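Participant: I have a structure I would like to understand better, so I am pasting it below and will then ask my questions one at a time.
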Amino acid sequence: MITKKDVQYIAALARVDLPEDKLEGLTKNLTDIVGYVKQLQKLDLKDIKPTSHAVPLTDALRKDIVKPSLSNAQALSLAPQAKDGCFKVPLVIE
Amino acid sequence: MKLHSLTAHQIIDLYREKKTSPQEVFKDVLSRINALDSRVHAYARLYRDAPTSCCHKTAVGVVSTQGNYPIPIAIKDNMCTQGEEITCSSRILKGFYSPYDAHVVKKIKQSGGMILGFANMDEFAFGSSTENSCYGPTYNPWDLSRVPGGSSGGSAASVAADEAIWALGSDTGGSIRQPACFCGIVGLKPTYGRVSRYGLVAFASSLDQIGPLTKDVTDSALLMNIIAGYDERDSTSVNEPVPDYTKALVNDIHGIKVGVPQEAFGQGLDPQVRKAIEATMNQLKKLGANVKKISLPHTPYAVAAYYIVATAEASSNLARFDGVRYGWRQSPTDVRKNALIDMYEETRAKGFGDEAKRRIMLGTYVLSSGYYDAYYLRGQKVRTLIKQDLDNAFKDYDVILTPTAPTTAFKIGEKTFDPLSMYLSDIYTIPANLAGIPAISIPCGFSAQGMPIGMQLMAKAFDEEMLLRVAFTYEQNTEWHTKKPNL
Amino acid sequence: MTQQFETVIGLEVHLQLSTKAKIFCGCANVFGSPPNTNVCPVCLGLPGTLPVLNNQALLYAIKVGLALNAEINPFIKFDRKNYYYPDLPKGYQISQYDLPVAKDGFVMIKNEQGPKRVGIKRAHLEEDAGKLMHDNTGNCSLVDYNRTGTPLIEIVTEPDLRSPQEAYDYLNILKLILQYLEVSDCDMEKGSLRCDANVSIRPVGQKEFGTKTELKNMNSFRSVKSALEYEVGRHQQVILSGGKIMQETLLWDDEKGVTAGMRSKEQAHDYRYFPDPDLVPFTIDDKIIDQVRAELPELPQAKLERLIKQYDLSEYDAGVLIMDKAVAYFFEQCCEKYHQPKKIANWLNGAVLKEMNERKTSLGNLKLTPAHLIELIQAVEDGVVSNLAGKEVLTDMLDSGYSAGTIVSQKGLAQVSDDSSLMAIVEEIIHQNPTVVEQIKQGKPSATGFLVGQAMKKSGGKANPKKLNELITRRISNA
Numbered sequence: 002m003i004t005k006k007d008v009q010y011i012a013a014l015a016r017v018d019l020p021e022d023k024l025e026g027l028t029k030n031l032t033d034i035v036g037y038v039k040q041l042q043k044l045d046l047k048d049i050k051p052t053s054h055a056v057p058l059t060d061a062l063r064k065d066i067v068k069p070s071l072s073n074a075q076a077l078s079l080a081p082q083a084k085d086g087c088f089k090v091p092l093v094i095e
Numbered sequence: 006m007k008l009h010s011l012t013a014h015q016i017i018d019l020y021r022e023k024k025t026s027p028q029e030v031f032k033d034v035l036s037r038i039n040a041l042d043s044r045v046h047a048y049a050r051l052y053r054d055a056p057t058s059c060c061h062k063t064a065v066g067v068v069s070t071q072g073n074y075p076i077p078i079a080i081k082d083n084m085c086t087q088g089e090e091i092t093c094s095s096r097i098l099k100g101f102y103s104p105y106d107a108h109v110v111k112k113i114k115q116s117g118g119m120i121l122g123f124a125n126m127d128e129f130a131f132g133s134s135t136e137n138s139c140y141g142p143t144y145n146p147w148d149l150s151r152v153p154g155g156s157s158g159g160s161a162a163s164v165a166a167d168e169a170i171w172a173l174g175s176d177t178g179g180s181i182r183q184p185a186c187f188c189g190i191v192g193l194k195p196t197y198g199r200v201s202r203y204g205l206v207a208f209a210s211s212l213d214q215i216g217p218l219t220k221d222v223t224d225s226a227l228l229m230n231i232i233a234g235y236d237e238r239d240s241t242s243v244n245e246p247v248p249d250y251t252k253a254l255v256n257d258i259h260g261i262k263v264g265v266p267q268e269a270f271g272q273g274l275d276p277q278v279r280k281a282i283e284a285t286m287n288q289l290k291k292l293g294a295n296v297k298k299i300s301l302p303h304t305p306y307a308v309a310a311y312y313i314v315a316t317a318e319a320s321s322n323l324a325r326f327d328g329v330r331y332g333w334r335q336s337p338t339d340v341r342k343n344a345l346i347d348m349y350e351e352t353r354a355k356g357f358g359d360e361a362k363r364r365i366m367l368g369t370y371v372l373s374s375g376y377y378d379a380y381y382l383r384g385q386k387v388r389t390l391i392k393q394d395l396d397n398a399f400k401d402y403d404v405i406l407t408p409t410a411p412t413t414a415f416k417i418g419e420k421t422f423d424p425l426s427m428y429l430s431d432i433y434t435i436p437a438n439l440a441g442i443p444a445i446s447i448p449c450g451f452s453a454q455g456m457p458i459g460m461q462l463m464a465k466a467f468d469e470e471m472l473l474r475v476a477f478t479y480e481q482n483t484e485w486h487t488k489k490p491n492l
Numbered sequence: 006m007t008q009q010f011e012t013v014i015g016l017e018v019h020l021q022l023s024t025k026a027k028i029f030c031g032c033a034n035v036f037g038s039p040p041n042t043n044v045c046p047v048c049l050g051l052p053g054t055l056p057v058l059n060n061q062a063l064l065y066a067i068k069v070g071l072a073l074n075a076e077i078n079p080f081i082k083f084d085r086k087n088y089y090y091p092d093l094p095k096g097y098q099i100s101q102y103d104l105p106v107a108k109d110g111f112v113m114i115k116n117e118q119g120p121k122r123v124g125i126k127r128a129h130l131e132e133d134a135g136k137l138m139h140d141n142t143g144n145c146s147l148v149d150y151n152r153t154g155t156p157l158i159e160i161v162t163e164p165d166l167r168s169p170q171e172a173y174d175y176l177n178i179l180k181l182i183l184q185y186l187e188v189s190d191c192d193m194e195k196g197s198l199r200c201d202a203n204v205s206i207r208p209v210g211q212k213e214f215g216t217k218t219e220l221k222n223m224n225s226f227r228s229v230k231s232a233l234e235y236e237v238g239r240h241q242q243v244i245l246s247g248g249k250i251m252q253e254t255l256l257w258d259d260e261k262g263v264t265a266g267m268r269s270k271e272q273a274h275d276y277r278y279f280p281d282p283d284l285v286p287f288t289i290d291d292k293i294i295d296q297v298r299a300e301l302p303e304l305p306q307a308k309l310e311r312l313i314k315q316y317d318l319s320e321y322d323a324g325v326l327i328m329d330k331a332v333a334y335f336f337e338q339c340c341e342k343y344h345q346p347k348k349i350a351n352w353l354n355g356a357v358l359k360e361m362n363e364r365k366t367s368l369g370n371l372k373l374t375p376a377h378l379i380e381l382i383q384a385v386e387d388g389v390v391s392n393l394a395g396k397e398v399l400t401d402m403l404d405s406g407y408s409a410g411t412i413v414s415q416k417g418l419a420q421v422s423d424d425s426s427l428m429a430i431v432e433e434i435i436h437q438n439p440t441v442v443e444q445i446k447q448g449k450p451s452a453t454g455f456l457v458g459q460a461m462k463k464s465g466g467k468a469n470p471k472k473l474n475e476l477i478t479r480r481i482s483n484a
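Residue numbers (the numbering used here), protein chains in the order written: chain A, 2 to 95; chain B, 6 to 492; chain C, 6 to 484.
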């Protein structure tokens, strides 16, 4: 059972503003979907190893070689806001 | 001559015979887009250069050399292309002009490919209908009141409507195969690691794979020859030699062993699809294959496992869209929490559509403190079981046959308010992603309403050649792929 | 109110590894470039980009693990630590959760009871974040992503440290070991070495740990110690007055000398670690471990013991020499050509070290070769120049790079030892200091030193003091 409080907690973790009028619908959606995926609880998985990659590969490494970077102008051309060669964000409070 | 209605290999034959040029083909397809796309809406945006220069410099004149394919192509709106706006059909990426080319885009450009535009899709590939796009839905060329499938619905519709000769899509749980099936074309999801993901905007990194959507199996092999291969920028790319896939196009399946899982004939399967698949089994037998029923006992759990694993990865992959470095930003008007968090929360609330937010939330939930073992870890373990089922089956069988989707294309709006039933339309395609194996969808019939039906073939990892051989043989002995929608 | 408390401290050290390129992309790993000029699609977290691990970063991490006597995991993977912050481009940090490069190591320190083992719980690889600057006039913050993707190794101790002093000693020894490995410049001012601390107290004899607080924002080992001392005092005060310690992260204010809570009252972190699907696992086999082990330098403790034994040095002399790997190496180079280890050590630990400190530079940046230093020491030993003049020669040598002989003859610093030249000075001094001469005659020979000093001054430091002493004594007794 997923509560509205759970949904608000998840929304805050995921940094998504959740207006009051959407809370009910989303709580129902998530309850339905989580209810569906709960069928996995039926399986005995005690000795089963998890699979992160279906095609097992290891040791993909790069050499310690410097390659060209973007220019400051190229990097900042993407930015919604920029200032003094930097990406500008609202004042951060620590 | 209707150049746009041809396949790539037919066009290449015409180039060789000097009966047409890349410029002519490109112009013809572009005028087809101009004539039809207001109704089909396959494209999110056209390539910026497309209307003015009829094809890219590399393509002009050089048509005879090997490995050179000046073919007009549609690219799904989630593959980075230098200098182009790439949005994944999401408002949050509006204004993002990629400073680099995805590996596949580079390969397409190197082969002389002519990019027509960026195909519409479900936002961030979240969906099976291409209704979840900030550009509005794409319509199925066979019936404009129906969905083209998704998430590569724009890619599939562009090919089916002859608005592209071929297209690239991406497939995380069926996003190439299911729209190919709904639109009556061929869609191939390669083995995980066969095609580089570098430059593909990630949905679920351990499941995503780029593949071709084409008018027939021969084109599928040709496009694979262009895009497959190792890329050192993708740690999950496999460093194995790439075969010439056209060599697999052999019209002979004598003695090929085909397994048909009984689990595929459960609840929810449309009787018309069932009939078409049964007819296909008979056809394959007639062509010399040994067709037998098998069991893949854990596949009924695939959808549940998939929605845990895929959304968990997606929730993390989409965290980078925060309005700081690129794309769209919503600047808050009044302060609720603090200026920074408000900016994050409002940018993401207004930048993402409802389905994207649902999946981000679900993925965040299954990874959150106290739930990891119950959901994410279980999902990964069930993945192991499904992979084992398939590994075991491939000890005895060369390919596994299922329907691609349980129904034909549904009506626009039919499943919008029932996300779970939408998720279940991927029930047959998901196992191949979880197991990392290749799978193809090819047309195998039509419903009474005139909608295409597709079958799916799966093979063991890196055996795309087996898929192509069986699919090619079936195609050569049937007529389904020659049918065109009446637009 | 005689309750006795025991302090429990654990430290987390973040060390930037000095690879040429960043950990997951090809951008240059350098400090001090203009903002956002060492960035690329990968480290900016642009859509579609993927990380590939820098082999050198992995080898450095193994090296650190081995130097900390840790077990190297034969199979490691990377995980995503999910949280939002503007300096974190992907919304997650690539780190290692349950399979770090190294685990279960130790570092030896000394306390009053003798040697003490400080457990190293783990050492893992991760990527550094960017730099956030606050622009109060513009009411905004600015982000520079140059630092993003700098390889870091995080070294986490067990809660084994029992006092701020032990924490301080551990940090100094750890830093020395890390400097010996040459995997980082270990410069706290540049942020290439950073330290966070966890501290709690408990009544002596109690097994359970008390509630801990996490301390951040210390920018020197000295301030780590001060912060811990302050925080231990605060814990005691709170507990003794019947209060409870809240588990929280506190920032050290070096100017005010206090810890303070963070202004943003963030909810508890929920990092949602999971294996990074964009990276594959890595196998570290014995071959790689042996190869890295073979490249390990002699570590400080081993070098200390060897220097004492091999050169018959005092523990103090050897201890000062090994504080700088370059100095210790220089010492041994000198010893090969000049078999007076004690004298070489004195010069290095005295005059040379003083020059380094005054010039705020390292030995490598000084124009000093072993041959030049030996020549100088020999000149002093042979009485060619006085000890005092010798130090002047050293200063000049470091400025000009010339040899001792050249400088001595250029500046006319050669010691004057012949009787006739010195006798004139002696006569003059005796004449000017009748009272002192009288004192000496009355049986206070120690006053001779004063006259020698005066004579030295007169000679411009060039006179041979031994000779002066001899002449003055003889002159007075003959009078």
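The C-beta atom is built at its ideal place from N, Cα and C for all residues, glycine as well. In this text, all values refer to a predicted model and were calculated from it rather than measured experimentally.
Chain A partners of T288(C), CB-CB under 7 angstroms?
Facilitator: Neighbours of T288(C) on chain A, chain order: T59, D60.
Participant: Beta-carbon separation of D327(B) and R16(A) under 8 angstroms?
Facilitator: Cβ atoms of D327(B) and R16(A): closer than 8 angstroms.
Participant: By alpha-carbon positions, which one of K347(C), P439(C), G110(C), H139(C) ends up nearest to V161(C)?
Facilitator: That would be G110(C), whose Cα lies nearest to the Cα of V161(C).
Participant: Quick check on K230(C): buried or exposed, where buried means 16 or more other Cβ atoms within 10 Å of its Cβ?
Facilitator: Flag for K230(C) reads buried.
Participant: Give the interface partners of P490(B) over in chain C, defined as CB-CB distance under 8 angstroms, in chain order.
Facilitator: The premise fails here: P490(B) is roughly 32 angstroms from chain C at the closest Cβ pair, so nothing lies under 8 angstroms.
Participant: If I follow the unbroken alpha helix (DSSP H) through L358(C), where does it start and stop?
Facilitator: It spans 358 to 364 - the alpha helix (DSSP H) in which L358(C) sits, taken as one unbroken run.
Participant: Taking the alpha helix (DSSP H) that A265(C) falls in, what are its first and last residues?
Facilitator: A265(C) -> not in any alpha helix (DSSP H); beta strand (DSSP E) instead, spanning 263 to 266.
Participant: Against chain C, which members of the region 191 to 221 of chain B pass a CB distance test of less than 8 angstroms?
Facilitator: So the close ones are R202, Y203, G204, L205, V206, A207, A209, S210, S211.
Participant: Sorted by chain position, which residues of the same chain lie with C-beta nearer than 7 angstroms to A185(B)'s C-beta, five sequence neighbours on each side aside?
Facilitator: Correct list, in chain order: A161, V191, G192, L218, S446, G459.
Participant: My guess is that V188(C) and S23(C) are in contact by the Cβ rule of under 8 angstroms, so how many angstroms apart are they, rounded?
Facilitator: That pair is a contact at about 6 angstroms.
Participant: How about G154(B) and S175(B): do their beta carbons lie closer than 8 angstroms?
Facilitator: No. Outside cutoff.
Participant: What did DSSP end up calling H139(C) once you bin it into helix, strand or coil?
Facilitator: H139(C) falls in the strand class under three-state DSSP.
Participant: Does the beta carbon of V340(B) come closer than 8 angstroms to any beta carbon on chain C?
Facilitator: Not closer than 8 angstroms to any Cβ of chain C, the Cβ of V340(B) fails to qualify, so no.
Participant: Closer than 9 angstroms by beta-carbon distance: list the chain C residues that pair up with C85(B), in chain order.
Facilitator: P46, L51, P52, G53, T54, listed in chain order.
Participant: Looking at R152(C): is its Cβ nearer than 8 angstroms to the Cβ of D140(C)?
Facilitator: Going by C-beta atoms, R152(C) is not nearer than 8 angstroms to D140(C).
Participant: Report the start-end ranges of each alpha helix (DSSP H) in the region 264 to 299 of chain B that is 4 residues or longer and not cut off at the edges.
Facilitator: Here the runs fully enclosed are 276 to 291.
Participant: Go through its chain and collect everything with a Cβ distance to D82(B)'s Cβ below 8 angstroms, but skip five positions before and after it.
Facilitator: Within the same chain, D82(B) has close Cβ partners A49, R50, I91, T92, C93, S94, F123, A124, N125, M126, G159.
Participant: Give every residue of the same chain whose Cβ lies closer than 6 angstroms to the Cβ of V45(B), excluding the five residues on either side of it in the sequence, and list them in chain order.
Facilitator: If we look at V45(B) and ignore the five residues flanking it on each side, its Cβ neighbours are Y144, P146, A162, A166.
Participant: Would you mind telling me which residues of chain A sit closer than 9 angstroms to V57(C), beta carbon to beta carbon, in chain order?
Facilitator: A61, L62, R63, listed in chain order.
Participant: Could you check the C-alpha separation between T57(B) and S100(C) for me, to the nearest Å?
Facilitator: Interpretation of T57(B) is limited by its pLDDT of 44, a score under 50 that renders its predicted location unreliable; the figure taken from the coordinates is listed afterwards. Cα to Cα, the separation comes out at about 48 angstroms.
Participant: I believe L147(C) touches D33(A) by the beta-carbon criterion, under 8 angstroms. Please report the beta-carbon distance rounded to the nearest angstrom.
Facilitator: Rounded, the Cβ-Cβ distance is 44 angstroms, inconsistent with contact.
Participant: Per DSSP, what kind of secondary structure is G355(C) in: helix, strand or coil?
Facilitator: It is helical.
Participant: Which residues, taken in chain order from the region 233 to 258 of chain B, show a beta carbon closer than 8 angstroms to some beta carbon of chain C?
Facilitator: Under the 8 angstroms Cβ criterion, the region 233 to 258 of chain B contributes E237, R238, D239, S240, T241.
Participant: Beta-carbon of G66(B) versus every beta-carbon of chain A: anything under 8 angstroms?
Facilitator: Residue placement at G66(B) is poorly supported in this model, since its pLDDT is 48, which falls under 50; the coordinates still yield a value, given next. Not one chain A Cβ lies under 8 angstroms of G66(B).
Participant: Note down, in chain order, each residue of its chain lying with its Cβ closer than 8 angstroms to the Cβ of M286(B), except the 5 sequence neighbours on either side.
Facilitator: Cβ within range, chain order: V263, V265, V296, L406.
Participant: Compare the C-beta of V90(A) against all C-beta atoms of chain C and say whether one is closer than 8 angstroms.
Facilitator: Closer than 8 angstroms to some Cβ of chain C, the Cβ of V90(A) qualifies, so yes.
Participant: Where does L16(C) land, buried or exposed, given buried means 16+ other C-beta within 10 angstroms?
Facilitator: Classification for L16(C): buried.
Participant: Closer than 8 angstroms by beta-carbon distance: list the chain E residues that pair up with I66(A), in chain order.
Facilitator: Checking the listed chains, one finds no chain E in this structure; the protein chains it contains are A, B and C.
Participant: To the nearest angstrom, report how far apart K221(C) and T369(B) are at their CA atoms.
Facilitator: Their Cα atoms are separated by approximately 28 angstroms.
Participant: Ignoring anything shorter than 3 residues, give me the beta strand (DSSP E) runs that lie fully in the region 116 to 176 of chain B, in order along the chain.
Facilitator: With a minimum length of 3 residues, the continuous beta strand (DSSP E) runs that stay inside the region 116 to 176 of chain B are 119 to 124, 171 to 176.
Participant: Can you check whether the C-beta of F131(B) is within less than 8 angstroms of a C-beta belonging to chain C?
Facilitator: So, not an interface residue.
Participant: Select from C87(A), K68(A), I66(A) the residue whose C-alpha is nearest the C-alpha of A74(A).
Facilitator: Measuring from the Cα of A74(A), the nearest candidate turns out to be C87(A).
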